[in-house]
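Enquirer: Before we start, here is the structure in question, set down as structure tokens.
Written out as structure tokens, the structure reads:
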């Protein structure tokens, strides 16, 4: 546990002192600010502000473009950079369990990505400051859904980062998996039979748009993201420890 | 040989290691995926799923009644939604009608899909769907423009068009957009499902006076509520849950029918009796005798209220004083039959009403007024009408509808009865405005769970900041927060260089 805490501190520190990460954060805030201003000027939202969380968290570009693309950019350095610079082997041979390494790197990325969402929360506080009558259950639901989805996408990014020392492969692979997770269910949701049913049960935008962002908390959606996150963390761990399985 | 053999051994060894590694990787990954799939399949089952609606007005899930009706549909039933913005007047002046409506429909259809499990296939078609599929579905269902939802089961189809689901206002010439005032998606969907599965539903035996014309929409409405209405001349053998409805009476029953009705009420079977202000005295006195144990009676006279005018003054002296605008606050907020209606922001129209009041009654029954007037009401003497409160007329709050329930500490006792002092609720002009009142009260009579029925107000929150506020918010969102972050990145960059 002490090793985990030390590694977590180190990873968080390395993220928080990286100018590259702040450039990423600034870009995220800029794009979200643009979407925010655009959606706020949308006539339907002017008529009914309750639609705002759905437009931002449910069906907007935040979900379809930023959410899948940014987490892998944050996680790409976590394993791929270590492999590229040759510091992964010493880390793996250090007296710390592999699961703690994966958990520490994931938690560091998650903690830092939380600051990404704090910036978006500031936009809602800005609305509140201007006396906008917000339905906070919907806003809170939207945030919970978006944070859950970003937790999953960070895990896929971490897995992609563990593939090798190529940073482009790590970022591109992670983003690719995230876009597949988003788009594949959409492509097959109207298919007949089990394919359609499976696509509907894996449909992330629907979970965000028709549950979280309307203030509706569904036990399945609440469990879906942690379970999928654990799957990708498991795959990362498997990739990491597989080096030791063969003499 | 040695130098030839060594590479060969190394090569074979490397391949074996890689094969083993790959196999182990695949097995471990497959185990993870399999376990994840099993867990998700388990938690996706409707019986293992819980939904908490924390939105402001808690209307993002279907009512128990609608869910039950949809779940009762046979397997391979289909619910198809066409989400296309087709009516031009609902788009004018930047109206939010379609985004609001489709947001509601998508959420509720998703709820229907989740709650009904594999019984019901839910298909949502919109601009993002393959247009060939949309066209094929439209042709198959013979869809007309404006039709939104199609519920199919065993070859039978129920169609719901936009006005069936939403009540909207039109855009105005001065630039006001169309708005959704109320919606009835849940009720309409529940009615459609009920009509499709209808086989053995409680009967409503209607003793109809030929001189009291009923709305032609009454029977389809009652069928949609899950009843089987039937006009009768004498009471047939009945089953648990059957209701008796007397939507007005102009002449006394024949002795045999009177005995049957009297026995029906005495036995505690659910009864709805409706007598207007001009019902004959003989009929009134007969009913008051029958209703003695329940503890209330029909009184004489016509209930009137001053008419509110646009100038704020209250007009009296015209027969229109007998048309009562019943506001939600005038309905009982305690009684289960009307509790849900009090939260609605809509009024009801009761016209030609005879007052009711408590009278006698046995301890076997609890009784409560369901609908009351305002304090400025009075009871007009119909024989000398001047439509003004006169000295000898009763004034103040009047009871317009009352309910009795046989007392039983264990609950589930038969003996529910509703008496109401007007017959116009069932007639053509007034019926459309009484539907949700009738639905709620009939379901209470039938001992169903009183759920959310009928029209539900859709709460919009307009937010129109001034131009200056918009610019300030945009500046902070686009320049302020990102600019500060970029600046911070620069500071860190230069500090790290040093």
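Chains as they are written, first to last, in our numbering: chain A, 1 to 247; chain B, 248 to 745.
A virtual CB, placed ideally from N, CA and C, is assigned to each residue, including glycine.
1) Does the segment 538 to 550 of chain B touch the segment 511 to 524 of chain B, meaning 3 or more C-beta pairs lie closer than 8 Å?
2) Identify the continuous alpha helix (DSSP H) that holds residue 131 of chain A and give its terminal residues.
3) Please report the distance separating the alpha-carbon of residue 317 of chain B from that of residue 441 of chain B.
4) Here's a check: name, in chain order, each residue in its chain whose Cβ is nearer than 8 Å to the Cβ of residue 335 of chain B, leaving out the five neighbours to either side.
5) Quick one: is residue 10 of chain A buried, meaning 16 or more other Cβ sit within 10 Å of its Cβ, or exposed?
6) Can you tell me where the alpha helix (DSSP H) with residue 521 of chain B in it begins and where it stops?
7) Less than 7 Å between CB atoms is the rule here; does residue 83 of chain A satisfy it with respect to chain B?
8) Given 8 Å as the limit, is there contact between the segment 94 to 109 of chain A and the segment 173 to 186 of chain A, that is, 3 or more CB pairs closer than that?
9) Suppose contacts are defined by Cβ-Cβ distances below 7 Å. Is residue 710 of chain B in contact with residue 187 of chain A by that definition?
10) Less than 7 Å between the C-beta atoms of residue 165 of chain A and residue 83 of chain A, yes or no?
11) Should the segment 13 to 31 of chain A be regarded as contacting the segment 189 to 198 of chain A, the criterion being three or more beta carbon pairs within less than 8 Å?
12) Name the one or two DSSP bridge partners that residue 328 of chain B has.
13) Taking the alpha carbon of residue 687 of chain B as the reference point, which residue from B:737, B:601 and B:583 has its own alpha carbon closest?
14) Relative to the C-alpha of residue 636 of chain B, which candidate in B:554, B:300 and B:306 has its C-alpha closest?
15) Please list the partners that residue 44 of chain A has in chain B, where partner means a Cβ-to-Cβ separation under 9 Å.
16) Would you decide whether residue 463 of chain B is buried or exposed? Buried here means 16 or more other CB atoms lie within 10 Å of its CB.
17) Can the beta-carbon of residue 666 of chain B be found less than 7 Å from the beta-carbon of residue 649 of chain B?
18) Measuring only the C-alpha atoms, how far is residue 683 of chain B from residue 639 of chain B?
19) Should residue 646 of chain B and residue 676 of chain B be called a contact, given that it needs their Cβ atoms to be closer than 7 Å?
20) So, using beta-carbon positions, are residue 72 of chain A and residue 146 of chain A closer together than 7 Å?
21) By the three-class DSSP mapping on this structure, what secondary structure does residue 606 of chain B have?
22) Counting only the same chain and skipping the five closest in sequence on each side, list residues whose C-beta sits under 7 Å from that of residue 144 of chain A.
23) Only counting runs of 4 or more residues, tell me where the alpha helix (DSSP H) segments fall wholly within the segment 270 to 334 of chain B, in order along the chain.
24) Quick one: is residue 557 of chain B buried, meaning 16 or more other Cβ sit within 10 Å of its Cβ, or exposed?
25) If you follow the alpha helix (DSSP H) that residue 497 of chain B is in, where does it begin and where does it stop?
26) With burial defined as no fewer than 16 other Cβ atoms inside 10 Å of the residue's Cβ, what is the status of residue 573 of chain B: buried or exposed?
27) Please identify, using Cβ separations under 7 Å, the residues of the segment 721 to 740 of chain B that lie next to chain A, in order along the chain.
28) Out of A:201, A:208 and A:13, which has the shortest C-alpha to C-alpha gap to residue 284 of chain B?
29) Report the three-state DSSP secondary structure of residue 452 of chain B (helix, strand or coil).
30) Let me see if you follow: with CB-CB separation under 7 Å, is residue 665 of chain B close to chain A or not?
31) For residue 614 of chain B, tell me which candidate among B:588, B:634 and B:542 has the shortest Cα-Cα distance.
32) When Cβ atoms are compared, which residues of the segment 227 to 243 of chain A fall closer than 8 Å to chain B?
33) What would DSSP say about residue 177 of chain A, mapped onto helix, strand or coil?
34) Which chain A residues sit within Cβ distance under 7 Å of residue 291 of chain B?
35) Under a CB-based cut-off of 7 Å, is residue 497 of chain B close to chain A?
36) Using a Cβ-Cβ cut-off of 7 Å (strictly less than) and excluding sequence neighbours within five positions of residue 295 of chain B, which residues of its own chain qualify?
Expert: Let's see:
1) Between the segment 511 to 524 of chain B and the segment 538 to 550 of chain B there are three or more C-beta pairs closer than 8 Å, enough to call the two in contact.
2) Here residue 131 of chain A is taken as the residue at index 131 of the first chain, counted from 1. First-last for residue 131 of chain A: undefined, no H or E at that position.
3) Residue numbering aside, residue 317 of chain B sits at position 70 when the second chain is read from its first letter. Residue numbering aside, residue 441 of chain B sits at position 194 when the second chain is read from its first letter. Per the coordinates, the alpha-carbon of residue 317 of chain B lies some 8 Å from the alpha-carbon of residue 441 of chain B.
4) As a working note, residue 335 of chain B is residue 88 in the second chain. There are no such residues.
5) Numbered from its first residue, the first chain carries residue 10 of chain A at position 10. Within a 10 Å sphere around the beta-carbon of residue 10 of chain A sit fewer than 16 other beta-carbons, which makes this residue exposed.
6) Along the second chain, read from residue 1 onward, the residue named residue 521 of chain B stands at position 274. Residue 521 of chain B -> not in any alpha helix (DSSP H); beta strand (DSSP E) instead, spanning 518 to 521.
7) One-based indexing of the first chain puts residue 83 of chain A at position 83. When Cβ-Cβ separations below 7 Å define contact, residue 83 of chain A makes no contact with chain B.
8) Contact fails: fewer than three Cβ-Cβ distances are below 8 Å.
9) Within the second chain, the letter at position 463 stands for residue 710 of chain B. Within the first chain, the letter at position 187 stands for residue 187 of chain A. Contact flag unset, no.
10) Indexing the first chain from 1 puts residue 165 of chain A at position 165. Indexing the first chain from 1 puts residue 83 of chain A at position 83. Going by C-beta atoms, residue 165 of chain A is nearer than 7 Å to residue 83 of chain A.
11) With a cut-off of 8 Å, the segment 189 to 198 of chain A and the segment 13 to 31 of chain A do not count as touching, because too few Cβ pairs lie within range.
12) Within the second chain, residue 328 of chain B is the residue found at index 81, counting from 1. Answer is B:371 and B:396.
13) Position 440 of the second chain holds residue 687 of chain B. For residue 687 of chain B, the nearest C-alpha among the options comes from B:583.
14) One-based indexing of the second chain puts residue 636 of chain B at position 389. Per the C-alpha coordinates, the member of B:554, B:300 and B:306 positioned closest to residue 636 of chain B is B:554.
15) Position 44 of the first chain, counted from the start, is the residue given in the question as residue 44 of chain A. Close partners of residue 44 of chain A in chain B (Cβ separation under 9 Å): 341, 342, 343, 344, 345, 346 and 347.
16) Along the second chain, one-based indexing puts residue 463 of chain B at 216. It is exposed - the Cβ of residue 463 of chain B has fewer than 16 other Cβ atoms within 10 Å.
17) Within the second chain, numbered from 1, the residue matching residue 666 of chain B stands at position 419. Within the second chain, numbered from 1, the residue matching residue 649 of chain B stands at position 402. In this structure, residue 649 of chain B lies closer than 7 Å to residue 666 of chain B by Cβ.
18) Translated into positions along the second chain, residue 683 of chain B becomes position 436. Translated into positions along the second chain, residue 639 of chain B becomes position 392. Each residue's CA atom was taken as its position, placing residue 683 of chain B and residue 639 of chain B some 36 Å apart.
19) Within the second chain, residue 646 of chain B is the residue found at index 399, counting from 1. Within the second chain, residue 676 of chain B is the residue found at index 429, counting from 1. For residue 646 of chain B and residue 676 of chain B, no; Cβs fall outside 7 Å.
20) Along the first chain, read from residue 1 onward, the residue named residue 72 of chain A stands at position 72. Along the first chain, read from residue 1 onward, the residue named residue 146 of chain A stands at position 146. Contact flag unset, no.
21) Here the question's residue 606 of chain B lines up with position 359 in the second chain. In this structure, DSSP gives residue 606 of chain B a state outside helix and strand, which the three-state scheme calls coil.
22) As a first step, residue 144 of chain A is located in the first chain; it is residue number 144 there, counting from the start. For residue 144 of chain A, where only same-chain residues beyond five positions count, the Cβ hits under 7 Å are 212.
23) As far as the segment 270 to 334 of chain B is concerned, its whole alpha helix (DSSP H) runs of at least 4 residues are 311 to 318.
24) Start at 1 with the first residue of the second chain, and residue 557 of chain B comes out as number 310. Answer is exposed; the Cβ neighbour count stays below 16.
25) What you label residue 497 of chain B is simply residue 250 of the second chain in a count that begins at 1. Boundaries for residue 497 of chain B: no alpha helix (DSSP H) harbours it, and the DSSP string shows neither H nor E there.
26) Position 326 of the second chain, counted from the first residue, corresponds to residue 573 of chain B. The residue in question, residue 573 of chain B, is buried, as its Cβ has 16 or more Cβ neighbours within 10 Å.
27) Contact annotation: in the segment 721 to 740 of chain B, residues whose CB is within less than 7 Å of a CB in chain A are 721, 723, 724, 725, 728, 729, 732, 733, 735, 736, 739 and 740.
28) Residue 284 of chain B sits at position 37 when you count from the first residue of the second chain. When each option's Cα is compared against that of residue 284 of chain B, the closest is A:201.
29) In the second chain, the residue the question calls residue 452 of chain B occupies position 205. In the three-state reduction of the DSSP assignment, residue 452 of chain B falls in the strand class, which pools E and B.
30) Position 418 of the second chain holds residue 665 of chain B. By this cut-off, residue 665 of chain B is not an interface position.
31) Translated into the one-based positions of the second chain, residue 614 of chain B becomes position 367. Comparing Cα positions, the closest option is B:542.
32) Per Cβ criterion, the list reads 227, 228, 230, 231, 234, 235, 238, 239 and 242.
33) As a working note, residue 177 of chain A is residue 177 in the first chain. Judged by DSSP in its simplified three-state form, residue 177 of chain A adopts helix.
34) For the purposes of this step, residue 291 of chain B is taken as residue 44 along the second chain, with counting starting at 1. Under a criterion of Cβ atoms nearer than 7 Å, the residues of chain A adjacent to residue 291 of chain B are, in order, 201 and 220.
35) Counting from 1 along the second chain, the entry for residue 497 of chain B is found at position 250. For residue 497 of chain B, no CB of chain A lies under 7 Å from its own CB, so it is not counted at the interface with that chain.
36) One-based indexing of the second chain puts residue 295 of chain B at position 48. Only 289 meet the Cβ criterion.
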